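*Asks:* Next up is a structure, given as structure tokens.
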Amino acid sequence: MIEWLSEIGVAILLVLLIASMYALHISTISLLLVQTEVEVVKFVTESGLVRVLLKIEDLLLMKKIYLNKYNETLGLKVLPAFNITVTDNGSGFAMLYVRSWSGHVAPSLNYSLMKVMLNSSGVERVESERGTVTLCVNTSLSYEEAIYIATVTYYRLITFKLIVPSTWTRHNYNASSSELYNTSNVLDVYAIIPLYDNLVPVNFTKCNGHVKLRAEYGTIAFVVVEESGAYIVNRFPLIDCGANFRRDLCKYVICEYYTLIVMVGERT
Amino acid sequence: MKALELVLIVIVLVLLYVSLSMRTITPKLSLRNDYFLLKEEAYSVARVLADSRILTYLMSKEQAEDELKIVVTALVPANREFEVKVIDTSTGEKFVAETPYFKRSTLAATAVVVYSDSVSGKIYVIEVSLGKITGG
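Residue numbers (our numbering), protein chains in the order written: chain R, 68 to 335; chain E, 418 to 553.
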């Protein structure tokens, strides 16, 4: 009987030894046989990023899924199709830089640059300029603390960059319901539509302590003038997670008139 | 005891089989995911080429292939090789632009989009292939 028991015991020990060796081997090569899809693929399929034409609601849903489920493991950026920057050219004027995200220069792109100045009572002034740009161009607009809306077009490929001082931005607008949660009486609302050279007045209705805006197709942001001051709210949910990640997927999506690039990848 | 020994031998054989097949499973899973992502990228570039109506103007130029290469080079993500074929369905004329090392890609995905140009009354088939060179 003891002989039998010791035989069984030794056999079990042997099996455990072999199993532990293989478990170590599997863990070192970081492979789980049940995992057939990486996180990026899961996110792309779950968030509907397999499509190219998206609505604002789709972008909002993608952002929500990312923040709820993949925030820890993945990095995500939703940016303009081109890498657009507006800087001071050294002599007090705004300079526009446009590159592709791969670092290449796209030749002869059309651009428009709109500058909006706000003060405590509302919109102080709006200036704009149009032209063509290959890599960079000096503009006649002075560079100062202001809202800059750079629009770059290549035939029907349209993309934009909105540059706003952080103190002028608020997050009290719900893009999916077009509702603005104001703190004081709303006097005026203007839409920023990059295709136009000026701000577009927006109709709004007051209901239940907040304001419902009538967002025109192509609006990227609103300038809201309240009794307490003027500020800007974004309509397009452009995302920059701010973390380092591998660019596993860089694909273009088209939302309303605009082409955007979505970069997703595992965090490093 | 013989049954136990038999079970042990079977376990060892199964584990041996798993460890040997692991070498082929790993790249297969990786390839499947990479292919999916490349295909998504290729399709989005093809759609941007079509939806932006760039081809209406590019195809009428004398050096259409060079212009096409410049545009696609700017649109394609970094570290990707590409080959773009634009086929004019009415004449069968083919415009091809590719990176020098596209043929060396170890993995490539192709997406096809049809673009109808209402200005010149032509229909183009846009074939965008994106590739990656991996390994040593």
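By construction, the Cβ of each residue, glycine as well, lies at the ideal position given by its N, Cα and C atoms.
Since this is a predicted model, take the numbers as computed values, not measurements.
Could you tell me which residues DSSP puts in a beta bridge with residue 322 of chain R?
*Replies:* In the first sequence, counting from the first residue as 1, residue 322 of chain R sits at position 255. Paired residue(s): R/121, R/325.
*Asks:* Just to confirm, are residue 218 of chain R and residue 226 of chain R a CB contact at a threshold of 9 Å?
*Replies:* The residue given as residue 218 of chain R occupies position 151 in the first sequence. The residue given as residue 226 of chain R occupies position 159 in the first sequence. Result yes, Cβ atoms of residue 218 of chain R and residue 226 of chain R sit closer than 9 Å.
*Asks:* Under 7 Å between beta-carbons, which chain R residues line up against residue 453 of chain E? List them in chain order, please.
*Replies:* As a working mapping, residue 453 of chain E is identified with position 36 in the second sequence. Chain R residues near residue 453 of chain E: 108.
*Asks:* Inspect the beta-carbon positions of residue 551 of chain E and residue 169 of chain R and report whether they are closer than 9 Å.
*Replies:* Locating residue 551 of chain E in the second sequence gives position 134, counting from the first residue. Locating residue 169 of chain R in the first sequence gives position 102, counting from the first residue. The criterion of a C-beta distance shorter than 9 Å is not satisfied by residue 551 of chain E and residue 169 of chain R.
*Asks:* Residue 159 of chain R by DSSP, collapsed to three states: which one?
*Replies:* Position 92 of the first sequence, counted from the first residue, corresponds to residue 159 of chain R. Coil at residue 159 of chain R, not helix or strand.
*Asks:* From which residue to which residue does the alpha helix (DSSP H) around residue 287 of chain R run?
*Replies:* Locating residue 287 of chain R in the first sequence gives position 220, where the first residue counts as 1. Where residue 287 of chain R is concerned, there is no enclosing alpha helix (DSSP H), given that its DSSP letter is neither H nor E.
*Asks:* Drop a sphere of 10 angstroms on the beta-carbon of residue 317 of chain R, count the other beta-carbons inside from all chains shown, and report buried for 16 or more, exposed for fewer.
*Replies:* By one-based count along the first sequence, residue 317 of chain R stands at place 250. Label assigned to residue 317 of chain R: buried.
*Asks:* Within the same chain, show all residues whose beta-carbon is closer than 7 Å to that of residue 120 of chain R, passing over the 5 residues directly before and after it, in chain order.
*Replies:* Indexing the first sequence from 1 puts residue 120 of chain R at position 53. Excluding residues within five positions, the ones whose Cβ falls inside 7 Å are 321.
*Asks:* If you measure between the beta carbons of residue 462 of chain E and residue 519 of chain E, is that distance less than 9 Å?
*Replies:* Translated into the one-based positions of the second sequence, residue 462 of chain E becomes position 45. Translated into the one-based positions of the second sequence, residue 519 of chain E becomes position 102. In this structure, residue 519 of chain E does not lie closer than 9 Å to residue 462 of chain E by Cβ.
*Asks:* At what residues does the beta strand (DSSP E) containing residue 471 of chain E begin and finish?
*Replies:* On the second sequence, residue 471 of chain E is found 54 positions in, with the first residue counted as 1. Where residue 471 of chain E is concerned, there is no enclosing beta strand (DSSP E), although the alpha helix (DSSP H) it sits in stretches over 471–475.
*Asks:* Roughly how many whole angstroms lie between the Cα atoms of residue 213 of chain R and residue 182 of chain R?
*Replies:* Stepping through the first sequence from its first residue, residue 213 of chain R is reached at position 146. Stepping through the first sequence from its first residue, residue 182 of chain R is reached at position 115. Cα to Cα, the separation comes out at about 7 Å.
*Asks:* Got a sec: is the Cβ-Cβ distance from residue 550 of chain E to anything in chain R below 9 Å?
*Replies:* Taking the second sequence and counting its residues from 1, the one referred to as residue 550 of chain E is at position 133. So no, residue 550 of chain E is outside the interface.
*Asks:* From the DSSP secondary-structure annotation, give me the bridge partner or partners of residue 546 of chain E.
*Replies:* Your numbering for residue 546 of chain E matches position 129 in the second sequence. Bridge partners of residue 546 of chain E: E/500, E/527.
*Asks:* Could you say which of E/536, E/530, E/537 lies nearest to residue 456 of chain E if we only look at CA atoms?
*Replies:* Taking the first residue of the second sequence as position 1, residue 456 of chain E is located at position 39. Taking only the C-alpha atoms, the option nearest residue 456 of chain E is E/530.
*Asks:* Sort out for me which residues DSSP pairs residue 181 of chain R with in a bridge.
*Replies:* Residue numbering aside, residue 181 of chain R sits at position 114 when the first sequence is read from its first letter. Beta-bridge pairing links residue 181 of chain R to R/195, R/216.
*Asks:* Would the stretch 322–334 of chain R count as touching the stretch 142–162 of chain R if we require 3 or more Cβ pairs under 8 Å?
*Replies:* yes
*Asks:* Taking C-beta pairs closer than 7 Å, name the residues in chain E that residue 399 of chain R reaches, listed in chain order.
*Replies:* With chain R covering 68 to 335 only, the question about residue 399 of chain R has no answer from this structure.
*Asks:* Just to confirm, is the Cβ distance from residue 290 of chain R to residue 256 of chain R under 9 Å?
*Replies:* As a position in the first sequence, residue 290 of chain R is number 223, starting the count at 1. As a position in the first sequence, residue 256 of chain R is number 189, starting the count at 1. The Cβ atoms of residue 290 of chain R and residue 256 of chain R lie closer than 9 Å to each other.
*Asks:* Going by the CB atoms, is the gap between residue 468 of chain E and residue 305 of chain R shorter than 9 Å?
*Replies:* Looking up residue 305 of chain R in the first sequence gives position 238. Looking up residue 468 of chain E in the second sequence gives position 51. Against a cut-off of 9 Å, the Cβ pair of residue 468 of chain E and residue 305 of chain R comes out as no contact.
*Asks:* I'd like to know if residue 479 of chain E contacts chain R, where contact means its C-beta is closer than 9 Å to some C-beta of that chain.
*Replies:* Here residue 479 of chain E refers to the residue found at position 62 when the second sequence is read from its first residue. Residue contact with chain R for residue 479 of chain E: absent (no Cβ-Cβ distance below 9 Å to any residue of chain R).
*Asks:* Would you tell me roughly how many angstroms separate the C-alpha atoms of residue 330 of chain R and residue 313 of chain R, rounded to the nearest one?
*Replies:* The residue labelled residue 330 of chain R in the question sits at position 263 within the first sequence. The residue labelled residue 313 of chain R in the question sits at position 246 within the first sequence. C-alpha separation (whole angstroms): 9 Å.
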